[in-house]
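Undergrad: Quick one: structure below, then a few questions.
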Amino acid sequence: MLLPRRQFLHLAAGAAAFSATSHIAMAQPYPSRPVRIIVGYPPGGGADIVARLICQWLAERLGQPFVVENRPGAATNLATETAARAPADGYTLLLITAANTINATLYDKPTFDFLRDITPLASISRGLLLMAVNPLFPAKTVPEFIAYAKANQGKINMASPGTGSPNHVAGEMLKMMAGITMTHVPYRGESLATTDLLGGQVHVLFPGGAAIEYIRAGKLRALAVTTARRSQALPEIPAMAEFVPSYEANVWFGVGAPKSTPVEIIDRLNIEINACLADHKVKARLADLGHEAMPMTQSEFEKFVAAETEKWGKVIRTASIKLE
Numbered sequence: 000m001l002l003p004r005r006q007f008l009h010l011a012a013g014a015a016a017f018s019a020t021s022h023i024a025m026a027q028p029y030p031s032r033p034v035r036i037i038v039g040y041p042p043g044g045g046a047d048i049v050a051r052l053i054c055q056w057l058a059e060r061l062g063q064p065f066v067v068e069n070r071p072g073a074a075t076n077l078a079t080e081t082a083a084r085a086p087a088d089g090y091t092l093l094l095i096t097a098a099n100t101i102n103a104t105l106y107d108k109p110t111f112d113f114l115r116d117i118t119p120l121a122s123i124s125r126g127l128l129l130m131a132v133n134p135l136f137p138a139k140t141v142p143e144f145i146a147y148a149k150a151n152q153g154k155i156n157m158a159s160p161g162t163g164s165p166n167h168v169a170g171e172m173l174k175m176m177a178g179i180t181m182t183h184v185p186y187r188g189e190s191l192a193t194t195d196l197l198g199g200q201v202h203v204l205f206p207g208g209a210a211i212e213y214i215r216a217g218k219l220r221a222l223a224v225t226t227a228r229r230s231q232a233l234p235e236i237p238a239m240a241e242f243v244p245s246y247e248a249n250v251w252f253g254v255g256a257p258k259s260t261p262v263e264i265i266d267r268l269n270i271e272i273n274a275c276l277a278d279h280k281v282k283a284r285l286a287d288l289g290h291e292a293m294p295m296t297q298s299e300f301e302k303f304v305a306a307e308t309e310k311w312g313k314v315i316r317t318a319s320i321k322l323e
């Protein structure tokens, strides 16, 4: 159908104006408005503190507010789902953690696919877990613990902050690699599990850095750290890998974005976050939390996340871990 000349010119002018507007919008430097980082934990914890540390740096460097949005629930799945469904424009980011790589196998039918729907763009830091026992427990080293566990199969109670938590799967990986059995006792949070370990109601726990004060006070005994090498915070405590080769269980933080986020935005954020991790004040703040900076390229971090997902998937399947 032929259009009258006046109508044709009107439509052509509108199309040209739309094209110009779109071009201008696309040409705006990133970021041109506030950016949110969704955190799957409540305010005040380690994840929240690290996210706000990164937000402050990025805001100062990029000239726009970077705002933490806390979305706790479903072991970080609520936050991940929110990010996965957000526009892939660089204005919604996600704090990703070891929990994300565990949940990928732990949850049967999530509403998203973590590896498919979230692009890992920058690593931030890694922290330790500890293998801690009550001081009255007979084993004083990891080899002694393994020998005791083999002689007392099924009689050791292993506490955790909850089924499928990083602390839980760290213990399950030791069971798998050392050929021992322990009875899992899940709690609603690490503080409750630690209280019962202090009281001798359970035998072993894989707590985070918050337990260091109890270890230094002699109220708990640390047999090992779960990182690949000894921790700067506790250099006298051996790494588990010194006794169980290839054992490594980290708690870590990084940043991800919805799939299809423009490569130039991902690359820029990776560069800026790595610059943040090189700052001595940032390193010191991370050390206060029991973490150390873990800079990586975007490609390296993507491979790291995939490897972590595969590792914990194997542990979960081998241990037949199921959510109650």
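Position 8, counted from 1, in the sequence shown is what numbering that gives the first Met the number 0 calls 7; the numbers after and before it change by one each time, with no gaps. The C-beta atom is built at its ideal place from N, Cα and C for all residues, glycine as well.
1. Determine the extent of the alpha helix (DSSP H) in which P30 is found, giving its start and end residues.
2. Since A97 sits in a beta bridge, which residues does DSSP pair it with?
3. Following the continuous beta strand (DSSP E) through E291, name the residue where it begins and the one where it ends.
4. Where A283 and N151 are concerned, what is the direct C-alpha to C-alpha distance, given to the nearest angstrom?
5. Since A256 contacts I265 with CB under 8 Å, what's their CB separation in whole angstroms?
6. If you reduce the DSSP assignment to three classes, tell me which class A216 lands in.
7. When DSSP labels each residue in this structure, what does M0 get in the three-state scheme?
8. Hey, is the region 278-298 in contact with the region 135-143, meaning 3+ C-beta pairs nearer than 8 Å?
9. Give the single residue among L77, A97, E271 whose Cα lies nearest to the Cα of P165.
10. Which runs of the beta strand (DSSP E), 3 residues or longer, sit entirely within the region 142-229?
11. Closer than 7 Å by C-beta to I23: which residues in its own chain qualify, once you throw out the five before and the five after it? Chain order, please.
12. At which residues does the beta strand (DSSP E) containing E68 begin and terminate?
13. Within 10 angstroms of its Cβ, does R84 collect 16 or more other Cβ (buried), or is it exposed?
14. How would you call A306, buried or exposed, if buried means at least 16 neighbouring beta carbons within 10 angstroms?
15. From L288, R215, G208, pick the residue whose C-alpha is nearest to that of V224; which is it?
16. For F7, name the three-state secondary structure that DSSP assigns.
17. Decide if H9 is buried, meaning its Cβ has at least 16 other Cβ atoms within 10 Å, or exposed.
18. Under a three-way DSSP split, which group does L233 fall into?
19. Short check: CB of E271 to CB of R70, under 9 Å?
20. Beta-carbon separation of N102 and G163 under 9 Å?
21. Return the Cβ separation of W311 and T100 in integer angstroms, given the expectation that the two are a contact with Cβ distance under 8 Å.
22. Taking C-beta to C-beta, are L128 and T226 nearer than 9 Å?
23. Kindly indicate which residue of K174, E143, G289 has the alpha-carbon position closest to the one of I320.
TA: On the basis of the coordinates in this document:
1. Careful: P30 lies outside any alpha helix (DSSP H) and carries neither H nor E.
2. Paired residue(s): none; A97 is not in a bridge.
3. 290-292
4. 43 Å
5. 6 Å
6. Judged by DSSP in its simplified three-state form, A216 adopts coil rather than helix or strand.
7. Its pLDDT being 43, under 50, M0 is placed unreliably in this model, and the coordinates cannot settle the point.
8. no
9. A97
10. 156-159, 182-185, 220-224
11. Note on I23: pLDDT 39, under 50, position unreliable in the model; the coordinate value appears next. Nothing meets the Cβ criterion.
12. 65-69
13. exposed
14. exposed
15. G208
16. Low local confidence applies: a pLDDT of 42 at F7 is under 50, so the model's placement there is unreliable, and no value is given.
17. Unreliable placement is indicated for H9, whose pLDDT of 49 sits below 50; no coordinate value is reported for it.
18. coil
19. no
20. A contact, by the Cβ cut-off of 9 Å.
21. 5 Å
22. yes
23. K174
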